[in-house]
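Quick note: the sequence shown uses UniProt numbering, first residue 1, plus one each step.
C-beta atoms are modelled at their ideal positions from N, C-alpha and C, and glycine is treated no differently.
Read the structure below first, then the notes.
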Amino acid sequence: MGVNGDPGQSWANDYKVVTKLNEAGAARVAQSDANHFLYLARANQLFVAGQPKGSLYKGLLDIDVPVMLIYTDEDLIFPGDAVRETGTIIKSDGTPLEFVELEGTRGHMDGLLSIAQAGERIRAFLEAK
């Protein structure tokens, strides 16, 4: 059931996830200027992991600072197996790496809606020297 009623009955009835995304977007806009957003979008479009090293594997091996990977196995955009494989490559040369798995049933959205589960671990990671 949507926020305004059943989304299957009317285009005016939003799914809860749409409402949450709109609220998150409005909050983000309140903190960012348009130019910042344009640069962020362009950086995301231009970024290719592993470049200019020629391969993702080589690029990941260049990481030499502690890494925390937060994921959920329900995520279809960044599947848990792929995140764990990425982490295995990063830590294969001794780079400190910590995995944090979120519990949830909302897939990729759990990275936003369930991030509080990882709050203390994120705090400890950021405060570590």
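As a beta-bridge residue in DSSP terms, methionine 68 pairs with Glu98. Taken through DSSP and simplified to helix, strand or coil, threonine 105 comes out as coil. Excluding the 5 residues flanking it on each side, arginine 121 has same chain C-beta neighbours closer than 6 Å at Val100, in chain order.
Where glutamate 23 is concerned, the enclosing alpha helix (DSSP H) starts and stops at 16-31. With a cutoff of 7 Å on beta-carbon distance, leucine 56 and aspartate 93 are scored as not near each other. For glutamine 45, the uninterrupted alpha helix (DSSP H) segment begins and ends at 34-46. Taking proline 66 as reference, the option from Pro79, Gly87 and Asp33 with the minimal CA-CA separation is Gly87.
Annotated three-state conformation of phenylalanine 125 is helix, per DSSP.
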